[in-house]
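In our numbering, the protein residues as written are 86 to 334.
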Amino acid sequence: MKRSTRAVTSWRAQVKCLVDDGLILVTGAAGQLGSVERTVTGLLLDRGFRVRAMVRREDERAVSLRAAGAQVVVGDLLEPGDVYRVVRGCGRVYFGMSVSAGYLEATVTMAAVAREAGVNALVNMSQMTVSEMSIQNTTPSHHQRQHWLSEQALAWSGLPVVTIRPTMFLESFLQLAAPSVRNRDRIELPFGRGKTSPVSAADVAQVVAAALADPVPHLGRIYELTGPQSQDLDGIAREFSDALNREVT
Ligand SMILES: NC(=O)c1ccc[n+]([C@@H]2O[C@H](COP(=O)([O-])OP(=O)(O)OC[C@H]3O[C@@H](n4cnc5c(N)ncnc54)[C@H](OP(=O)(O)O)[C@@H]3O)[C@@H](O)[C@H]2O)c1
């Protein structure tokens, strides 16, 4: 766990007490199966918070969020007017969306709106890869750069931010690995000799929900979330072999 030094003292002095901030906004709330955002919405509702769940379209996922008790709003994170409409009235905001070409634009739009709307805490979903990046050491991955630049922009914004940097979600890893394990008893993923330590999206959601429920102790902090051990694909293949009782390489 790291603490970002800049801007911590200025807003900590300003944010005296966040008791009732009204609604909590969760973006990307429709998510996919096992998604962090859907789980966060459920955890907050279970704790009695009022949650505004932002979705991109009205579909069965929106219906199920509404049935769970969330106030569902439809909008596009790339449209400033939409973002203002969904953020207004929310003291705390979770910001996350699929990494795509407009990710940085969406982050900057959210930052501009959150400043204007006077948001008291913004929990930003980032990635563990950002921990290894700097001006002299970025990455050829456009997606990972979007996250690094997004964190930079949020730091400049002066907003009270909590940064979540998970490794790959276990659920995403399993989804990607499953077809070749099922059909060829092999994990065929482009990791080379690299190591990874997938973390459960359910665990990440618990951390996000805790930060949203009581943000003050977490403001300015960066939480790096990993699974229990970092290993290469050979190590992970051994775990698959043990679990499936057949050899997976
Ligand atoms: N997946 C991982 O292994 C992993 C690991 C570490 C960090 N993260 C981070 O977690 C975040 C979410 O990733 P994910 O893989 O969980 O994403 P995801 O489930 O694919 O997307 C989350 C949500 O973003 C919504 N969305 C996309 N573009 C939008 C827009 N323009 N306006 C409004 N909503 C929009 C999607 O809506 P629709 O469902 O309608 O498309 C979806 O519900 C990202 O920042 C990612 O870097 C992910």
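Virtual Cβ for every residue (Gly too), placed ideally from N, Cα, C. Note that the structure is a prediction, hence the values are computed from the model and not measured.
Take the alpha-carbon of G107 and the one of A298: they are about 12 Å apart. Of the other Cβ atoms in all chains shown, fewer than 16 fall within 10 Å of the Cβ of G320; this residue is therefore exposed. In this structure, V247 is the residue among G279, V247, S226 and A114 with its C-alpha nearest to the C-alpha of L304.
Looking at L129, G160 and L128, the one whose alpha-carbon comes closest to that of R142 is G160.
Residue pairing for V159: DSSP places it in a beta bridge opposite V140. In this structure, DSSP gives T124 a helical state, which the three-state scheme calls helix. Relative to ligand 1, the nearest heavy atom lies less than 7 Å away from the CB of G113. The beta strand (DSSP E) runs of length 3 or more contained entirely in the segment 158 to 195 are, from start to end of the chain, 175 to 180. Shown here, M210 sits in a strand according to DSSP, grouped into three states.
Runs of the beta strand (DSSP E) lying entirely within the segment 245 to 313 and spanning at least 3 residues, in chain order: 246 to 251 and 306 to 310.
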